[in-house]
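Undergrad: 311 is the number of the first residue of the sequence shown in the working numbering; add one for each residue after it. Backbone N, C-alpha and C fix where the C-beta goes; we use that ideal spot for every residue, glycine too. Pasting a structure here, questions to come.
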Amino acid sequence: MQVKRFIGSVLLSAGLLAGCGGIEADVEEQSSLESRKDELPSCNNMAFERVFYSEPEKINVVGGWLCECGWSNPGRWGALTGYFTDFNESYCESNP
């Protein structure tokens, strides 16, 4: 009887620790997210639109990039995936 009660209390304690998050993350780890900078690739003196899809068949659009002449980085919307198509690609004129 006491063994069942002991096992039950151990399982309850383990469940509470796991469910409540356990140990808190270090303050320095949390602050690193504030200083993190996810850079987009450069437009490389090109104008184009890149459309991202959720599957290899390229049916469902989930996000995109837009690069315009004079922009150093693309504008971004939605999700980025490994399935994409570039449209309206053109090189920008260089100013001497």
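Using only the alpha-carbon positions, how far apart do Ser400 and Met356 sit?
TA: The residue given as residue 400 occupies position 90 in the sequence shown. The residue given as residue 356 occupies position 46 in the sequence shown. Roughly 6 angstroms between the two C-alpha positions.
Undergrad: Note down, in chain order, each residue of its chain lying with its Cβ closer than 7 angstroms to the Cβ of Thr395, except the 5 sequence neighbours on either side.
TA: Sequence index remark: in the sequence shown, residue 395 carries index 85 (1-based). Taken in chain order, the residues that qualify are Val361, Lys368.
Undergrad: With a threshold of 6 angstroms on Cβ separation, who are the neighbours of Arg346 within its own chain once the five nearest residues in sequence on each side are excluded?
TA: Position 36 of the sequence shown holds residue 346. Residue confidence for Arg346 is low, a pLDDT of 46 falling below 50, so the modelled location carries little weight; the figure read from the coordinates is stated next. Around Arg346: no qualifying Cβ.
Undergrad: Going by C-alpha to C-alpha distance, which of Pro384, Glu403, Cys402, Pro366 sits closest to Ser352?
TA: To locate residue 352, count along the sequence shown from 1; it is residue 42. Checking every option, the nearest Cα to that of Ser352 belongs to Pro384.
Undergrad: For the candidate residues Gly373, Glu365, Pro366, whose alpha-carbon lies nearest to that of Gly388?
TA: For the purposes of this step, residue 388 is identified with residue 78 of the sequence shown, where counting begins at 1. Per the Cα distances, Gly373.
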